[in-house]
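Residue numbers (my numbering), protein chains in the order written: chain P, 221 to 355; chain V, 7 to 123; chain G, 5 to 252; chain U, 225 to 805. Don't be surprised by glycine CBs; every beta carbon is placed ideally from N, CA and C. Worksheet: the structure to be examined is printed underneath.
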């Protein structure tokens with residue numbers, strides 16, 4: 221490998237601020253997107269509590285349902301829902317970048333890759349809702 | 007240039023978790039976290055739910071969703087701590103916390119799901 | 005349109021200053037002027053000590069990248085009038101050590117670029133007498149976008165991961181490695197795998213995506229990195245499932 | 225402060241020619257230690273701006289003789305024909321080699337290299353990578369150069385002097401721009417690859433770095449410059465910026481029209497207006513003729529008045545969006561970005577703009593100058609294959625062919641040399657003292673660098689433009705002499721060492737003044753009109769007296785002196801240049 225001769229003089233290295241992600245909107249959006257993973261964990265914890273209550277009997281499950289109706293839990297779930305949807309939208313929109321799908325030699329346009337994702341989202345949601353609600 | 011990292015495996019779990027979370031969690035959270043407690047929709051009864059939950063396919067589904075969701079969180083949260091708080095030098099503690107948490111959560115999930123009567 | 009606009013230029017002189025400071029200069033606001041024209045006006049007419057790099061002033065040599073009002077830009081392709089009434093803040097590119105004023109040290113990138121082996125690798129070189137390697141327009145199109153990188157470093161300035169961890173290979177170097185990986189004439193992707201899938205390579209990227217947003221040539225380095233993550237994962241699975249011979 | 229280093233072959237300039245030469249040396253003899261000294265990072269070099277393409281015969285209906293003839297007649301018979309023959313023969317090989325190194329050449333549907341027509345060429349033979357050919361060539365060369373262990377780069381080092389001892393060039397003194405350190409780099413052979421000097425003019429397509437550094441270095445060291453009066457104006461530059469709109473825009477079918485929408489070139493002996501492009505005709509005529517036609521059209525009052533002087537229109541609208549986007553994407557990008565004009569729907573204002581120096585450091589077919597150990601290749605050199613007017617798309621293959629040739633020749637020369645003499649160290653110390661005293665410590669100066677540069681550029685445009693006369697040139701010579709005097713009283717705002725770009729500008733201006741003087745002197749003494757050199761007081765070509773190269777050297781007192789050298793005519797006797805039939 222070739223090499224380079226340089227004697228760089230003293231230089232100034234700026235320290236990145238701890239709050240760099242507040243500086244520009246795209247960075248803040250990025251951090252919020254990453255923090256959506258906390259909502260995922262919150263959902264998992266809640267689901268495991270629900271399974272546990274379900275296993276222990278009808279009374280315990282009613283207590284769990286009452287807990288879900290508490291304002292604090294409701295607001296937590298509302299915020300989490302917002303973040304999860306944010307996660308879903310950013311995830312589906314970025315998917316085309318990660319996949320350079322080529323058909324007949326031409327790259328499939330981003331929109332065509334993103335569209336099936338949204339369709340799958342819709343189908344999965346309807347399926348889950350139907351299974352849960354049909355009984 | 008150093009050893010081949012195990013990042014591909016972690017990234018795979020993260021991605022699978024990301025897909026599962028994006029496709030499935032919104033409807034779950036909407037139904038159980040908002041629509042039923044607020045009375046927008048009528049919640050299914052205890053017996054119905056228990057019948058649904060004890061079905062082997064549901065058990066597997068719930069296990070996969072919970073476990074992948076946790077590994078998705080572990081990966082993202084680890085990098086958010088690295089970058090957002092600039093504490094990459096604590097990476098060993100962070101990794102243990104995140105992936106350890108995900109493994110522990112997976113074990114708990116398996117236990118709870120198997121215990122459904 | 006106003007007659008003049010104020011530039012707030014970051015000044016730093018290592019022989020004298022501990023930290024950068026701001027200098028304000030009033031320059032004429034002309035509709036055909038780009039930010040670089042304003043800087044040249046200051047250098048030629050007002051203060052000859054202002055230092056910055058520039059050359060082609062047609063957006064292809066990649067010399068004149070700077071932060072304009074906080075965003076990385078090629079100053080030869082950024083109109084002054086878009087920032088009226090001002091002031092316009094001009095600073096050296098983020099995430100690089102500042103040598104002086106608006107000049108940053110990019111030698112780190114050149115080392116990283118070399119490591120990514122950005123040249124065509126063949127098992128057997130074809131003699132010239134056998135003519136060219138055939139390549140269809142579609143095969144060309146597969147890597148063409150990544151070959152458009154002018155090394156202007158705007159993507160590094162936009163990348164928080166590089167800012168926080170200077171060991172990270174960074175967007176342009178990975179995109180250029182991927183440019184050769186995707187070239188139908190190249191057979192060297194295995195040789196690039198180790199360096200790219202090293203923890204300082206693609207795995208450092210958290211897909212902020214700003215590199216792609218600021219790229220003046222639509223190279224999409226974020227896409228290159230994500231695509232390579234997929235490739236590296238496939239290779240990892242291959243070597244995991246077939247430890248005896250997934251190498252080729 | 226003074227640092228020393230030593231190499232076998234040293235390249236000054238890291239553009240296309242320099243990198244091609246460096247690779248040639250590394251491949252000729254891997255044991256030779258090669259250094260590339262460049263005032264900018266190599267990928268910033270001006271090769272990057274070349275747009276249209278690179279000529280090399282590959283099609284069956286074409287022949288080397290036809291490429292040679294087009295080049296020689298395009299150069300108004302001032303080309304050395306044996307050199308041209310070698311050039312056209314090696315050009316396709318070099319372009320192919322670049323393909324093997326990964327250059328993304330545009331392709332035919334079957335995967336073979338595609339070619340396009342170009343000005344003054346009778347056949348389609350111009351290889352292209354969309355309209356960023358120079359960019360792709362330079363980055364391919366640079367990235368390929370990275371794999372050679374033998375190549376050491378001195379990035380952002382500016383050469384201030386050639387070290388000459390025993391009548392042999394033995395290295396250079398260079399200023400490391402970032403640190404201000406002086407570095408003496410000794411070498412057994414030095415190759416100049418610094419490009420042209422378009423910046424001696426104000427309105428030019430050339431990048432700011434093109435200040436004739438190599439020409440001035442050679443000239444000051446005693447090597448003669450050749451054919452410096454031949455300055456190419458490219459007929460289509462954007463007003464104000466001077467940004468180049470490639471000839472490919474016309475070869476794809478663009479029209480040049482005057483204020484009445486009339487394709488005026490048909491009035492200037494360049495053929496008849498056909499809807500489709502016809503090779504060697506109309507818009508595909510040679511650059512000198514097209515630029516001259518613009519001036520005549522202006523004199524007839526048929527150009528359009530723009531805010532930056534007269535323009536004509538380049539009309540691409542009939543090509544349609546698809547052709548423009550696939551074949552000329554950069555043209556569209558430049559028009560949109562710098563003129564706020566979309567060539568798909570609007571006509572583009574253009575005017576002739578200084579583009580290329582046919583002249584340069586006098587070399588033989590292997591890039592060797594008359595000064596032992598000194599070589600030159602690319603625009604800085606004059607071999608000469610371009611004669612009095614270069615054809616579009618010949619300069620990119622030129623830098624490959626002669627970069628490689630100079631590299632190989634210098635490698636062979638270096639292999640036979642011993643280490644540099646002692647004098648070199650003393651000279652380097654002197655040079656360091658000169659820079660220090662003259663620029664950084666000088667008291668009482670009052671001239672600004674930018675003022676002298678602007679006056680020089682104005683002088684050159686007024687006295688040595690598309691049309692010159694004895695009177696305008698004499699005025700120019702006087703003014704340049706005055707500027708040389710005033711330069712002695714230069715005063716810098718910036719007296720520091722770190723990244724002193726004002727010092728760099730001053731050194732560049734001093735180079736440009738020398739080069740400008742040599743141009744004016746050559747132009748003054750060539751009392752004929754040929755190719756790009758058009759004298760209003762001597763409008764005809766005069767083969768009897770001037771079928772010769774001008775060779776200009778610096779005398780003891782610093783003034784230029786012109787001598788003449790016969791043109792090598794082998795197979796194509798001088799004839800009339802006929803276009804449009």
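Counting only Cβ-Cβ distances below 8 Å, residue 98/G has no contacts in chain V at all, with the closest Cβ about 15 Å away. Residue 316/P has a beta carbon lying at 8 Å or more from every beta carbon in chain U.
Assigned with DSSP and collapsed to three states, residue 529/U falls in strand. Secondary structure of residue 130/G (DSSP, three-state): coil.
Of the candidates 118/V, 54/V, 19/V, 118/V places its Cα closest to the Cα of residue 66/V. Listed in chain order, the positions of the segment 360 to 384 of chain U with a beta carbon within less than 7 Å of a beta carbon of chain P are 369, 370, 371, 372, 373, 375, 376, 377, 378, 379. Within chain P, no C-beta atom comes nearer than 8 Å to that of residue 87/G; the closest sits roughly 17 Å away. Among the CB atoms of chain P, one or more fall inside 8 Å of the CB of residue 75/V. Our two residues, residue 111/G and residue 381/U, have alpha carbons roughly 14 Å apart in a direct line. At a cut-off of 8 Å between C-beta atoms, residue 257/P does not count as an interface residue with respect to chain G.
Under the three-state reduction of DSSP, residue 231/U is assigned to strand. In the structure shown, residue 381/U falls within a strand segment according to DSSP collapsed to helix, strand and coil. The segment 598 to 609 of chain U and the segment 476 to 492 of chain U do not touch, with fewer than three beta-carbon pairs separated by less than 8 Å. Taking C-beta atoms under 8 Å as the contact rule, residue 625/U and residue 311/U qualify, at a distance of about 5 Å. Per DSSP, the continuous beta strand (DSSP E) segment holding residue 259/U begins and ends at 258 to 262. Residue 88/G is bridged by DSSP to nothing; it lacks a bridge partner. If one requires a minimum length of 4 residues, the alpha helix (DSSP H) runs lying completely within the segment 26 to 108 of chain G are 39 to 45, in chain order. For residue 398/U, DSSP records a beta bridge to 383/U, 407/U.
Residue 469/U is positioned such that its CB atom lies no closer than 8 Å to that of residue 62/G. Between the beta-carbon of residue 106/G and that of residue 55/G there is about 7 Å, and that keeps the pair under the 8 Å contact cut.
At least one CB atom of chain P sits nearer than 8 Å to the CB of residue 405/U. Taking CB atoms only, residue 123/V has no neighbour in chain G less than 8 Å away. Where residue 119/V is concerned, the enclosing alpha helix (DSSP H) starts and stops at 97 to 121. Among the residues of chain P, those whose CB is under 9 Å from the CB of residue 722/U are 229, 230, following chain order. Residue 375/U has its alpha-carbon roughly 24 Å from the corresponding atom of residue 131/G. Inclusion of residue 117/G and residue 171/G in the CB contact set at 8 Å is not warranted, their separation being larger than that value. Per DSSP, the beta bridge partners of residue 785/U are 777/U.
Shown here, residue 201/G sits in coil according to DSSP, grouped into three states, outside any helix or strand. Counting C-beta pairs closer than 8 Å gives three or more between the segment 231 to 251 of chain U and the segment 406 to 415 of chain U, which meets the contact rule.
At a beta-carbon threshold of 8 Å, the residues of chain U lying near residue 53/G are 717, 718, 720, 726, ordered along the chain. Across the segment 78 to 108 of chain V, CB contacts with chain G closer than 9 Å involve 82, 85, 86, 88, 89, 92, 94, in sequence order along the chain.
Nearest to residue 74/V by C-alpha distance, out of 120/V, 122/V, 29/V, is 29/V. A Cβ-Cβ contact shorter than 8 Å links residue 717/U with residue 51/G. The C-alpha of residue 269/P is placed about 21 Å away from the C-alpha of residue 103/V.
Assigned with DSSP and collapsed to three states, residue 703/U falls in helix. Excluding sequence positions up to five before and after residue 253/P, its CB lies within less than 8 Å of the CB of 306, 307, 310, all in the same chain and listed in chain order.
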